[in-house]
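S.K.: A single structure is presented below for examination.
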Amino acid sequence: MRKSLDDERGNAAIYLIWLLGIVSIIFLIVINISKVYITGAQSSNATEQAAIAGTSVIVSETKTAIEKFDANPLSDLTRAHHNMKSMGDVIEDQKDSYEDTGLSEDQAYIKALNHVLPEEIDAHPLLENTIKEHFISVGLNNRIYSTVTSIIEENHGNAADTQVILSDEDWRLEVESSVDYNSISDQKYIPEITEKIEGEGFGPTLEYLSRLY
232 MRKSLDDERG
242 NAAIYLIWLL
252 GIVSIIFLIV
262 INISKVYITG
272 AQSSNATEQA
282 AIAGTSVIVS
292 ETKTAIEKFD
302 ANPLSDLTRA
312 HHNMKSMGDV
322 IEDQKDSYED
332 TGLSEDQAYI
342 KALNHVLPEE
352 IDAHPLLENT
362 IKEHFISVGL
372 NNRIYSTVTS
382 IIEENHGNAA
392 DTQVILSDED
402 WRLEVESSVD
412 YNSISDQKYI
422 PEITEKIEGE
432 GFGPTLEYLS
442 RLY
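Every position in the sequence shown, counted from 1, becomes a number in the working numbering once 231 is added.
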């Protein structure tokens with residue numbers, strides 16, 4: 232009788248060890264599946280943040296270019312069309328009206344640029360040339376790329392895989408990049424997997440760029 236009980240205890244122990252092994256494997260599978268989704272979200276967030284940051288560079292340098300235009304004595308010819316207001320003031324007034332509708336300051340300013348600049352650029356070659364020359368002088372493309380890759384790296388993405396595109400259809404900055412996914416392995420049943428999970432992010436539309444490119 233004692234031997235029979237000992238055998239049952241031994242079998243139960245083996246069964247328990249086997250069960251714990253199965254549970255551990257299932258646990259690792261669940262963790263790895265979760266890591267795939269987490270890494271995918273990380274990649275998407277990184278590219279989205281990078282696209283917005285790159286767009287902010289364009290908007291900031293556009294504002295500086297407009298200030299240069301307003302400082303040019305020849306720009307006085309355009310003030311007569313706007314009750315002697317500078318181009319910067321016209322845009323600020325439009326921005327304020329958009330803010331009154333509930334938009335954030337940044338959203339309202341971009342919308343004001345898109346509302347005001349296309350017609351003004353078409354009407355005033357000096358404005359167009361001033362913005363274009365300023366973009367060239369500050370090395371705008373390099374600054375955008377540097378800003379984008381910096382954000383990608385801060386989010387543990389792969390700067391080497393990063394592509395920055397200015398869409399000539401939607402007139403927005405589009406960023407593509409990747410984040411490395413490394414699975415957790417038990418070194419036996421579940422292999423270690425390393426993959427690049429790609430993400431794509433978009434900045435807001437800058438319609439006025441259609442008059443500059």
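No residue lacks a Cβ here, since even glycine has one placed at the ideal position from N, Cα and C.
Applying the criterion that 16 or more other CB atoms from any shown protein chain within 10 Å of the CB defines a buried residue, is Gly-388 buried or exposed?
M.R.: Counting from one through the sequence shown, the residue named residue 388 turns up at place 157. With 16 or more Cβ atoms within 10 Å of its Cβ, Gly-388 is classed as buried.
S.K.: Where do the N-terminal and C-terminal ends of the alpha helix (DSSP H) with Val-321 fall, by residue?
M.R.: If you number the sequence shown from 1, residue 321 lands on position 90. It spans 318-330 - the alpha helix (DSSP H) in which Val-321 sits, taken as one unbroken run.
S.K.: What number of angstroms, rounded off, separates the C-alpha of Ile-383 from the C-alpha of Met-315?
M.R.: Along the sequence shown, one-based indexing puts residue 383 at 152. Along the sequence shown, one-based indexing puts residue 315 at 84. Cα to Cα, Ile-383 sits roughly 44 angstroms from Met-315.
S.K.: For my contact list, Leu-440 and Thr-286 are in at a C-beta cut-off of 8 angstroms; report their separation, rounded to the angstrom.
M.R.: The residue you call residue 440 lines up with position 209 of the sequence shown. The residue you call residue 286 lines up with position 55 of the sequence shown. Not confirmed; about 10 angstroms, so no contact.
S.K.: Apply the 10 Å Cβ neighbour rule to Ala-302 and answer buried if 16 or more other Cβ atoms are within range, or exposed otherwise.
M.R.: Taking the first residue of the sequence shown as position 1, residue 302 is located at position 71. That one is exposed.
S.K.: Inspect the beta-carbon positions of Gly-434 and Ile-341 and report whether they are closer than 7 angstroms.
M.R.: Mapped onto the sequence shown, residue 434 falls at position 203. Mapped onto the sequence shown, residue 341 falls at position 110. No, the pair does not count as a contact, with Cβ atoms beyond the cut-off.
S.K.: Looking only at its own chain, which residues have a Cβ that is under 6 angstroms from the Cβ of Glu-359, when we skip the five neighbours before and after it?
M.R.: On the sequence shown, residue 359 is found 128 positions in, with the first residue counted as 1. Contacts found: Ile-352.
S.K.: Under the rule that 16 or more other beta-carbon atoms within 10 Å means buried, what is Phe-258, buried or exposed?
M.R.: Sequence index remark: in the sequence shown, residue 258 carries index 27 (1-based). Answer is exposed; the Cβ neighbour count stays below 16.
S.K.: Can you grab the Cα-Cα spacing for the pair Ile-245 / Ile-256, in whole Å?
M.R.: In the sequence shown, the residue the question calls residue 245 occupies position 14. In the sequence shown, the residue the question calls residue 256 occupies position 25. Cα-Cα distance, rounded: 17 angstroms.
S.K.: In the DSSP output, what is Asp-411 paired with across the bridge?
M.R.: Mapped onto the sequence shown, residue 411 falls at position 180. For Asp-411, which the question treats as bridged, DSSP gives the partners Lys-427.
S.K.: With distances taken from CA atoms, which of Val-321, Ile-396, Leu-357 and Pro-356 is nearest His-346?
M.R.: Counting from 1 along the sequence shown, the entry for residue 346 is found at position 115. It is Val-321.
S.K.: For the alpha helix (DSSP H) containing Leu-305, list its first residue and its last residue.
M.R.: Here residue 305 refers to the residue found at position 74 when the sequence shown is read from its first residue. Neither: Leu-305 is in no alpha helix (DSSP H) and is coded neither H nor E.
S.K.: Among Glu-429, Arg-403 and Ser-274, which residue has its Cα nearest to the Cα of Val-288?
M.R.: Residue numbering aside, residue 288 sits at position 57 when the sequence shown is read from its first letter. It is Arg-403.
S.K.: Quick check: the Cα distance between Lys-234 and Val-261, rounded to an integer number of angstroms?
M.R.: Within the sequence shown, the letter at position 3 stands for residue 234. Within the sequence shown, the letter at position 30 stands for residue 261. Confidence at Lys-234 is low in this model, with a pLDDT of 48, below 50, so its placement is unreliable and the value that follows should be read with caution. Each residue's alpha carbon lies about 41 angstroms from the other.
S.K.: Rank Asn-373, Asn-413 and Val-410 by C-alpha distance to the C-alpha of Glu-395 and give the top, closest one.
M.R.: Stepping through the sequence shown from its first residue, residue 395 is reached at position 164. The residue you asked about is not Glu; residue 395 is Val in the sequence shown. Among Asn-373, Asn-413 and Val-410, the Cα nearest to that of Val-395 belongs to Asn-373.
S.K.: Return the residue from the list Ile-415, Ala-343, Ile-424 and Lys-299 that minimises the CA-CA distance to Asp-327.
M.R.: As a first step, residue 327 must be located in the sequence shown, where it is residue number 96. Of Ile-415, Ala-343, Ile-424 and Lys-299, the residue nearest in Cα terms is Ala-343.
S.K.: Comparing C-alpha positions only, which one of Asp-331, Glu-323 and Phe-366 sits nearest to Ala-296?
M.R.: Indexing the sequence shown from 1 puts residue 296 at position 65. Cα-wise, what sits closest to Ala-296 is Phe-366.
S.K.: Under 8 angstroms Cβ to Cβ from Leu-443, same chain only, skipping five residues before and after it: list those, please.
M.R.: Indexing the sequence shown from 1 puts residue 443 at position 212. For Leu-443, where only same-chain residues beyond five positions count, the Cβ hits under 8 angstroms are Ile-352, Glu-359, Ile-362, Lys-363 and Phe-366.
S.K.: Can you tell me which residues form a DSSP beta bridge with Gln-394?
M.R.: Here residue 394 is taken as the residue at index 163 of the sequence shown, counted from 1. Note: Gln-394 sits in a beta bridge opposite Glu-407.
S.K.: Let me check understanding here. Comparing Cα to Cα, which of Ile-248, Ser-368, Val-267 and Leu-251 lies closest to Ile-428?
M.R.: Counting from 1 along the sequence shown, the entry for residue 428 is found at position 197. Cα-wise, what sits closest to Ile-428 is Val-267.
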